[in-house]
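Only one structure is covered here, and it is reproduced in the block below.
Residue numbers (this note's numbering), protein chains in the order written: chain P, 1 to 391; chain C, 1001 to 1391.
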């Protein structure tokens, strides 16, 4: 997410939230992954907001993107300067209204912000997994989330919501656990990466692996591959914006208005922006997690996994109502990809709403304040809650 | 240019060509660059094809892109396996017909394929310049080419032709030396980089500079920053293709058709392609030259340099007839940028033809066999030759 873009501070916050942990798949009951490797024990960091109602009909599961975490909204403490990553969407009276809904958000496995990932201790060695961590898939991430929901006693989800890699998890949830998912909101996402998206991820991964500090993933306790991770993040940020977004945001504006430096400093504001984003990222993210999560997103292929290479067949398993949202300037997962999934959903007579939102911020748009987006999500959730209660 | 794409072997080759060298700006007459730094002596590697006619009216100056060189067509020796980089366009009977035209192609300064650049010996130290090489601009490159043409006794150029960064030089020639340039063919280019193009270049440069072997540009005689340069080239290759080009060329095809590797090998063909392009590039290109030439392309801004920030004012200086060509799938320099320059040319009552060619190969399209492109260029050159002789 782009923290360089000013977030809207308006709206009431849900206030203080608590980071919780759930551990499962403890030996000898390790989880068998899609790769056939086994992983366990597995810890998931999660957060809940709002109150679960008596008939347990108000659960919203929010799924985060590449570098997100379980901290979706609110603050950890009174002194906390920064709220969760989707504060603009989640809170009292907001698009996902915590006065009405019980929100659960968990950190995906493979990540580094509380859940088990390559930086976690490998119980069989007592050292961090590093590159001994098994490759996990979007399906594995979702199965781990399912274990958390079982633990919380949740049998039905009013809506699964997420953008980008979070949107992939939304689709996976809808197809893998159709009887649990009443509705689903995949935002700015795709049923499978294009060659272009894979190409960007591969360049980013190679940037990390080319850093000598990466050391085949064994860098915990020594110098980290910060230059490589910063580069990877720079690649990411180019994809999160777009030609138009960059033109509006930066154009050819110079850092020093007078002239070029005639050296290799950051002359242009866009260069400075990318360097800043790269450098800032290394403080909060683990390079190996970046490798594993991007790989999972490249592997994700709803057709291949669930539909014998047919998008229509894949969605034949789903029962949810869908609200599919794309953004005009998103060139990582362009609207044509959302339209393809909508077409496949409709062929299965699923109840689908689709909206392409005019937005100039590229792929990042789903994380930014947008009244139309909030209103769409709010209306969709409310209708689903009413329908569910009628039953 | 993408050598992974099969080049068309059809057509007659111009045959054997010779690499020549011209040295100028020898002390005390160093060239004063746009940065106010001085550079000298300067050597330019060049190649000529065809025969200069008596009235010297058949000169075509071809200008190369980032990683090109003076070797535009033909072979250096009988054993040579590979012709010059624009063999499909330049030769007897081809789009640029060496039976009719006298073709000159020179390696730009700042490059590493025969012309003075950061890998050249700095006469004041006896060692390679490295990062002591001054930042050169597109204008400096063109002024060096002018010195070569003066040396060759050429006073009028029937056409300057070039794509991408070569196209920037074409525009610079037309505006800087209007009385010499009868016609100009800028292909797949822009009057100034968008923020997106700068962003890609900046990521590529940071990849090189993050490689510890880069050593602030002092790596000659020791380990080269091959990992960084390969990464930079990978970034480049993403921009040379496009979403659609990649989908057609690679899609999600796997290297091993059976399944994913579930490790960090190149699973997808697009990953393998990028790794191959990166690795191959380091054998033939210098990392510092990559830094300097991309910087020159980012600095290039015809409006700023020649038009007080007005594209129309910039082209007020030009007198050439123009054939502007863009390609539908080029997202590095999209058609809207060509259209903007055409509009500015027309406002100056210049004789302009514009063509957007339907091509699926992205920015690389200008280097690939395309009958329409060859026919357009051939027709345009022939008309100009006839007009010139009428005078």
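Backbone N, C-alpha and C fix where the C-beta goes; we use that ideal spot for every residue, glycine too. As the structure is a prediction and not an experimental result, all values here were calculated from the model.
Same chain, Cβ closer than 8 Å to residue i, neighbours up to 5 away in sequence not counted
i: residue 1374 of chain C; result: 1088, 1089, 1094, 1095
i: residue 1210 of chain C; result: 1228
i: residue 161 of chain P; result: 60, 61, 62, 63, 96, 170, 184, 185, 187, 377
i: residue 1350 of chain C; result: 1315, 1318, 1319, 1320, 1321, 1322
Proximal residues to residue i (C-beta, below 6 Å), its chain only, five neighbours per side dropped
i: residue 361 of chain P; result: 245, 368
i: residue 1241 of chain C; result: 1362
i: residue 1278 of chain C; result: 1230, 1233, 1234
i: residue 338 of chain P; result: 324, 326
Residue i and residue j closer than 8 Å at C-beta
i: residue 1243 of chain C; j: residue 194 of chain P; result: yes
i: residue 192 of chain P; j: residue 1248 of chain C; result: no
i: residue 119 of chain P; j: residue 24 of chain P; result: no
i: residue 1179 of chain C; j: residue 1319 of chain C; result: yes
i: residue 165 of chain P; j: residue 297 of chain P; result: yes
i: residue 1171 of chain C; j: residue 1302 of chain C; result: yes
i: residue 1031 of chain C; j: residue 1143 of chain C; result: yes
i: residue 1213 of chain C; j: residue 1219 of chain C; result: yes
i: residue 113 of chain P; j: residue 61 of chain P; result: no
i: residue 1311 of chain C; j: residue 1341 of chain C; result: yes
i: residue 1335 of chain C; j: residue 1358 of chain C; result: no
i: residue 131 of chain P; j: residue 216 of chain P; result: yes
Nearest neighbour of residue i, chosen from the options [CA to CA]
i: residue 1305 of chain C; options: C/1314, C/1164, C/1148; result: C/1314
i: residue 1262 of chain C; options: P/11, P/33, P/109; result: P/33
i: residue 250 of chain P; options: P/82, P/270, P/210, P/355; result: P/270
i: residue 456 of chain P; options: P/274, P/310, P/42; result: This structure cannot settle anything about residue 456 of chain P, because the visible part of chain P is limited to 1 through 391.
i: residue 57 of chain P; options: P/17, P/183, P/121; result: P/183
i: residue 14 of chain P; options: P/308, P/390, P/51, P/31; result: P/51
i: residue 99 of chain P; options: P/106, P/105, P/91; result: P/91
i: residue 1069 of chain C; options: C/1018, C/1152, C/1225; result: C/1018
i: residue 1317 of chain C; options: C/1181, C/1011, C/1078; result: C/1181
i: residue 1196 of chain C; options: P/167, P/186, P/215, P/235; result: P/235
i: residue 1384 of chain C; options: C/1208, C/1104, C/1125, C/1185; result: C/1185
i: residue 1011 of chain C; options: C/1083, C/1128, C/1255, C/1276; result: C/1083
Classification of residue i by the beta-carbon crowding that lies within 10 angstroms, buried from 16 upward
i: residue 386 of chain P; result: exposed
i: residue 21 of chain P; result: exposed
i: residue 1110 of chain C; result: buried
i: residue 1376 of chain C; result: buried
i: residue 1101 of chain C; result: buried
i: residue 1189 of chain C; result: buried
i: residue 6 of chain P; result: Its pLDDT being 44, under 50, residue 6 of chain P is placed unreliably by the model, and nothing is read from it.
i: residue 1053 of chain C; result: exposed
i: residue 289 of chain P; result: buried
i: residue 3 of chain P; result: In this prediction, residue 3 of chain P has a pLDDT of 41, which is less than 50 and means its spatial position is unreliable; what the coordinates show is noted afterwards. Label assigned to residue 3 of chain P: exposed.
i: residue 167 of chain P; result: buried
i: residue 1126 of chain C; result: exposed
i: residue 28 of chain P; result: exposed
i: residue 1123 of chain C; result: exposed
i: residue 1001 of chain C; result: Model confidence at residue 1001 of chain C stands at a pLDDT of 38, short of 50, so the residue's coordinates are unreliable; what they give is reported in the following sentence. Under this definition residue 1001 of chain C is a buried residue.
i: residue 16 of chain P; result: exposed
i: residue 26 of chain P; result: exposed
i: residue 198 of chain P; result: buried
i: residue 1259 of chain C; result: exposed
i: residue 1121 of chain C; result: exposed
i: residue 364 of chain P; result: buried
i: residue 1081 of chain C; result: exposed
i: residue 151 of chain P; result: exposed
i: residue 1047 of chain C; result: buried
i: residue 1226 of chain C; result: buried
Interface partners of residue i on chain A, CB under 9 Å
i: residue 1147 of chain C; result: Structure shown: chain A not included; protein chains present are P and C.
Neighbourhood of residue i by C-beta distance below 7 Å, restricted to the same chain and skipping five residues each side
i: residue 1135 of chain C; result: 1035, 1292, 1295
i: residue 1008 of chain C; result: Because the pLDDT at residue 1008 of chain C is just 49, under 50, the model does not fix this residue reliably, and the value given afterwards should be weighed accordingly. So the list reads 1088, 1369, once near-sequence residues are dropped.
Supposed contact pair residue j and residue i - C-beta distance, whole angstroms, cut 8 Å
i: residue 49 of chain P; j: residue 73 of chain P; result: 6 Å
i: residue 1158 of chain C; j: residue 1323 of chain C; result: Actually they are not in contact, since the Cβ atoms of residue 1158 of chain C and residue 1323 of chain C sit about 12 Å apart, beyond 8 Å.
i: residue 1238 of chain C; j: residue 366 of chain P; result: About 23 Å; that fails the 8 Å criterion.
i: residue 1353 of chain C; j: residue 1380 of chain C; result: 7 Å
i: residue 59 of chain P; j: residue 1274 of chain C; result: Between residue 1274 of chain C and residue 59 of chain P the Cβ distance is about 42 Å, and since that is not below 8 Å, they are no contact.
i: residue 67 of chain P; j: residue 285 of chain P; result: 6 Å
i: residue 106 of chain P; j: residue 44 of chain P; result: 5 Å
i: residue 1224 of chain C; j: residue 1282 of chain C; result: 7 Å
Residue i beta carbon near the ligand SAM (any heavy atom closer than 7 Å)
i: residue 57 of chain P; result: What this structure holds is no ligand at all, so the ligand SAM is not there to describe.
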